[in-house]
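Here's the structure, in structure tokens; my notes come after.
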Amino acid sequence: MKISRRSVLKITGFSVLALTALPRMAFAARNTLKSLRTGVQPGNKTRLVIETSVRPSYSLSYPANQLIVTLPNTAANTGISPKLASGTLVKSLAQAQVSDTLQIIVNLNKPIAQIQKSNILLLEPNGDNDYRLVLDFVAGSGAASASSATGTAVAKSSAPSKKYTIVVDAGHGGKDPGCIGKGGTREKDVVLSVARKLKKQLDANGFKTHLTRSGDTYLKLAQRAEIAEQKKADLFISLHANANPSRKMKGFSIYTLSEKASDEEAKKLAEAENAADKIGVEGFTEFEENIRIALSSLQQHAVAEMSEEYANGCAKYFKKSSIEQQPGPDVRHAPFAVLRSTVPGALLELGHLSNAAEEKLLKTSAHQDKLVAAIVKSVKNYNFDV
Ligand SMILES: [Zn+2]
């Protein structure tokens, strides 16, 4: 027995309406809806929180003036009454059970822009809360063209693809050369060359790309992170090259931000990269402090998750391109100051300047092109939206 979507879609009005006549189904859904609530967030964002008993998988669609959240293997819960805050974009909420799939139908006052991944949080249980799927959205256009007139199918969004903004950060610069190979190759020069090539290729692939520095200039780490914030970047990529006390050590390595380093080597590396700021005179605490305030622990969790996803994809494309990898895990973690922002991202150590063969390789245009091609693939395959 299936419930008619049409009858669900007819629900209007400003009160919260849950379907009362949900049929009892002969299935045992793994997940159960526990609560539904909305709220207002800074920046005129509407927040929808869907609480479930186990970690939900979900998909989103955007029929006209609606948002539909589809939760497979989930049972409706008619015993709950959604809590709707005033001043949100949500007019009413309804549940529709179609076989073992639950749909939360969000009727909206206005069409909304497609929700970006950075505005979706999947939270682990804590305190009195179970798993929570948190969606923040704003009014907008673009996603509402899909028709739900027949109500028979949830149309896929036909929003025009957004131009994603990437900030590429060439490490070091100016009075800070970074590490220097035995043959005199300076990290700041290699990474600037790669950054310029990368910008060209990303732009050619439809991204809006900004460089933190396009010349041989010194920038503090916080300034680099601040550029990513100002440009409202969707992704931040910081490019570096490595030095190791062992001249035999070679290969790339990829890092994401974590206040605790994943290993001793990652810790030392972060200390070395962070030392770039000691060359500057002024402190950078003010910006960092602002970021800490702006980022709730929930958001930090979301940014960390997205960064991890990007970094793993990046490692995959480096390996696929037969770029030599430093022995160890695909993605490591360390407290890199340059990664402290609200923008997901990773720090890429492209290779070792302390290794004679790799120093030579990193200077060649052919190898730089290979690195750039792998990074472009990682960006193109990164899932910016859900
Ligand atoms: Zn560096």
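Each number in this note's numbering comes from the position in the sequence shown (counting from 1) with 498 added on. Even for Gly, the Cβ is constructed at its ideal location relative to N, Cα and C. Source: prediction; values computed, not measured.
GLY811 by DSSP, collapsed to three states: which one?
Translated into the one-based positions of the sequence shown, residue 811 becomes position 313. Helix at GLY811.
Got a sec, what are the start and stop residues for the beta strand (DSSP E) ARG535 sits in?
Numbered from 1 along the sequence shown, position 37 holds the residue referred to as residue 535. Unbroken beta strand (DSSP E) run through ARG535: 529-539.
Quick check on the burial criterion: 16 or more other C-beta atoms within 10 angstroms. Buried or exposed for ALA651?
Taking the sequence shown and counting its residues from 1, one reaches residue 651 at position 153. Confidence at ALA651 is low in this model, with a pLDDT of 34, below 50, so the placement of that residue should be treated as unreliable; the coordinate-derived value is given next. By the 10 Å Cβ count, ALA651 comes out exposed.
Between LEU520 and the rest of its own chain, which residues show a CB-CB distance below 8 angstroms, the 5 nearest in sequence each way excluded?
Start at 1 with the first residue of the sequence shown, and residue 520 comes out as number 22. Interpretation of LEU520 is limited by its pLDDT of 39, a score under 50 that renders its predicted location unreliable; the figure taken from the coordinates is listed afterwards. So the list reads ILE501, ALA574, THR576, GLN593, GLN595, once near-sequence residues are dropped.
Taking DSSP as the reference, what is the three-state secondary structure of PHE882?
Taking the first residue of the sequence shown as 1, we reach residue 882 at position 384. In this structure, PHE882 counts as coil in the three-state DSSP scheme.
In this structure, how does DSSP classify TYR662 when only helix, strand and coil are distinguished?
In the sequence shown, the residue the question calls residue 662 occupies position 164. Reduced to three states, the DSSP call for TYR662 is coil.
Would you mind sorting ASN529 into buried or exposed? The rule is 16 or more other CB atoms within 10 Å of its CB.
Residue mapping note: residue 529 aligns to position 31 of the sequence shown, counting from 1. The residue in question, ASN529, is buried, as its Cβ has 16 or more Cβ neighbours within 10 Å.
Taking DSSP as the reference, what is the three-state secondary structure of ILE821?
Here residue 821 corresponds to residue number 323 of the sequence shown, with the count starting at 1. Here ILE821 sits in coil by DSSP.
Note down, in chain order, each residue of its chain lying with its Cβ closer than 8 angstroms to the Cβ of ASN879, except the 5 sequence neighbours on either side.
Residue mapping note: residue 879 aligns to position 381 of the sequence shown, counting from 1. The answer, listed in chain order, is GLY811, TYR815.
For ARG684, which residues of its own chain have a beta-carbon under 6 angstroms away from its beta-carbon, when the five flanking residues on both sides are left out?
Residue numbering aside, residue 684 sits at position 186 when the sequence shown is read from its first letter. Answer for ARG684: PRO675, ILE678, listed in chain order.
GLU549 bridges to which residues according to DSSP?
By 1-based counting over the sequence shown, the position of residue 549 is 51. Answer is SER533, ARG630.
Could you pull out every residue in the same chain whose Cβ sits closer than 8 angstroms to the Cβ of TYR629, ignoring the five residues on either side in sequence?
Translated into the one-based positions of the sequence shown, residue 629 becomes position 131. Hits under 8 angstroms: GLU549, THR550, SER551, VAL552, ARG553, PRO554, LEU620, LEU621, GLU622, PRO623.
Which class does VAL636 belong to by DSSP, given the choice of helix, strand or coil?
Position 138 of the sequence shown holds residue 636. DSSP places VAL636 in coil when its eight states are reduced to three.
Buried or exposed: which applies to GLY541, given that a residue is buried once 16 or more other Cβ atoms fall within 10 Å of its Cβ?
Translated into positions along the sequence shown, residue 541 becomes position 43. Result: exposed.
Going by Cα to Cα distance, which pick from GLN824, THR586, ILE752, GLN728 is closest to ALA832?
Residue 832 sits at position 334 when you count from the first residue of the sequence shown. Comparing Cα positions, the closest option is ILE752.
Can you look up ALA653 in the DSSP assignment and give me helix, strand or coil?
Against the sequence shown, residue 653 aligns to sequence position 155. No answer about ALA653 holds up, because its pLDDT of 37 lies below 50 and its placement is not dependable.
Flag this pair as yes or no: are the beta carbons of LEU737 and LEU767 separated by less than 9 angstroms?
The sequence position of residue 737 within the sequence shown is 239, counting from 1. The sequence position of residue 767 within the sequence shown is 269, counting from 1. Cβ distance not < 9 angstroms, so LEU737 and LEU767 don't count as in contact.
Would you tell me roughly how many angstroms separate the C-alpha atoms of THR648 and LYS615, rounded to the nearest one?
Taking the first residue of the sequence shown as position 1, residue 648 is located at position 150. Taking the first residue of the sequence shown as position 1, residue 615 is located at position 117. Annotation note: pLDDT 30 at THR648 (below 50); position unreliable, no value reported.
Considering only the beta carbon of each residue, do ASN703 and SER852 sit closer than 9 angstroms?
Taking the first residue of the sequence shown as 1, we reach residue 703 at position 205. Taking the first residue of the sequence shown as 1, we reach residue 852 at position 354. No. Outside cutoff.
If you check the beta carbons only, do ALA774 and LYS718 fall under 9 angstroms apart?
Here residue 774 refers to the residue found at position 276 when the sequence shown is read from its first residue. Here residue 718 refers to the residue found at position 220 when the sequence shown is read from its first residue. Yes, the pair counts as a contact, with Cβ atoms nearer than the cut-off.
Whole angstroms are fine: how far does the CA of ALA693 sit from the CA of SER863?
Translated into the one-based positions of the sequence shown, residue 863 becomes position 365. Translated into the one-based positions of the sequence shown, residue 693 becomes position 195. In a straight line, the C-alpha of SER863 is about 12 angstroms away from that of ALA693.
When you compare each of TYR716, LEU631, THR663 to LEU569 by their alpha carbons, which one comes out closest?
Start at 1 with the first residue of the sequence shown, and residue 569 comes out as number 71. Checking every option, the nearest Cα to that of LEU569 belongs to LEU631.
Do ALA668 and SER839 have their beta-carbon atoms positioned less than 9 angstroms apart in this structure?
Looking up residue 839 in the sequence shown gives position 341. Looking up residue 668 in the sequence shown gives position 170. Not a contact, by the Cβ cut-off of 9 angstroms.
Just how far apart, CA to CA, sit LYS686 and GLN866?
On the sequence shown, position 188 is the one that residue 686 refers to. On the sequence shown, position 368 is the one that residue 866 refers to. Between LYS686 and GLN866, the C-alpha separation is close to 14 angstroms.
What residue from SER557, SER579, GLY585, ALA583 has the CA that sits closest to THR572's CA?
Residue 572 sits at position 74 when you count from the first residue of the sequence shown. The shortest C-alpha separation from THR572 is found at SER557.
Using the rule of at least 16 other Cβ atoms within 10 Å of the residue's Cβ for burial, across every protein chain shown, is LYS748 buried or exposed?
For the purposes of this step, residue 748 is identified with residue 250 of the sequence shown, where counting begins at 1. So LYS748 ends up on the buried side.
Assign ASP494 to one of three DSSP states: helix, strand, or coil.
Summary: the structure shown does not reach residue 494, with the chain confined to residues 499 through 884, and so no result is reported for it.
Just to check, is the beta-carbon of GLY843 closer than 8 angstroms to a non-hydrogen atom of ligand 1?
Numbered from its first residue, the sequence shown carries residue 843 at position 345. GLY843: no, Cβ never under 8 angstroms from ligand 1.
Nearest by alpha-carbon distance to ALA871: which of SER712, LYS698, VAL801, LYS729 is it?
As a first step, residue 871 is located in the sequence shown; it is residue number 373 there, counting from the start. Comparing Cα-Cα distances from ALA871 to each of SER712, LYS698, VAL801, LYS729, the minimum goes to LYS698.
Can you give me the Cβ contacts of ALA707 inside the same chain, cut-off strictly under 7 angstroms, excluding the 5 residues immediately before and after it?
Numbered from 1 along the sequence shown, position 209 holds the residue referred to as residue 707. The sequence shown places Thr at residue 707, not Ala. Cβ neighbours of THR707 beyond the five flanking positions: ILE664, VAL666, LYS697, LEU700, ASP701.
Taking the continuous alpha helix (DSSP H) assigned at GLU857, which residues delimit it?
Counted from its first residue, the sequence shown places residue 857 at position 359. 854-861 is the span of the alpha helix (DSSP H), which, as asked, contains GLU857.
Assuming the contact rule is C-beta atoms closer than 8 angstroms, ILE618 and ILE566 should be a hit. Round their C-beta distance to whole Å, please.
Residue mapping note: residue 618 aligns to position 120 of the sequence shown, counting from 1. Residue mapping note: residue 566 aligns to position 68 of the sequence shown, counting from 1. The Cβ separation is near 14 angstroms, so there is no contact.
By how many angstroms is the C-alpha of LYS875 removed from the C-alpha of SER819?
Residue mapping note: residue 819 aligns to position 321 of the sequence shown, counting from 1. Residue mapping note: residue 875 aligns to position 377 of the sequence shown, counting from 1. Those two C-alpha atoms are separated by around 10 angstroms.
What residues sit near ligand 3, counting only those whose C-beta is closer than 6 angstroms to one of its heavy atoms, in chain order?
Judged by which ligands are present, ligand 3 is missing from the structure shown, whose ligands are ligand 1.
Would you report the Cα separation of GLN539 and LEU546, rounded to the nearest angstrom?
Position 41 of the sequence shown holds residue 539. Position 48 of the sequence shown holds residue 546. Using only the alpha carbons, I get a separation of about 10 angstroms.
Given this structure, state the Cα-to-Cα distance separating SER712 from ALA611, to the nearest angstrom.
Residue 712 sits at position 214 when you count from the first residue of the sequence shown. Residue 611 sits at position 113 when you count from the first residue of the sequence shown. Their Cα atoms are separated by approximately 33 angstroms.
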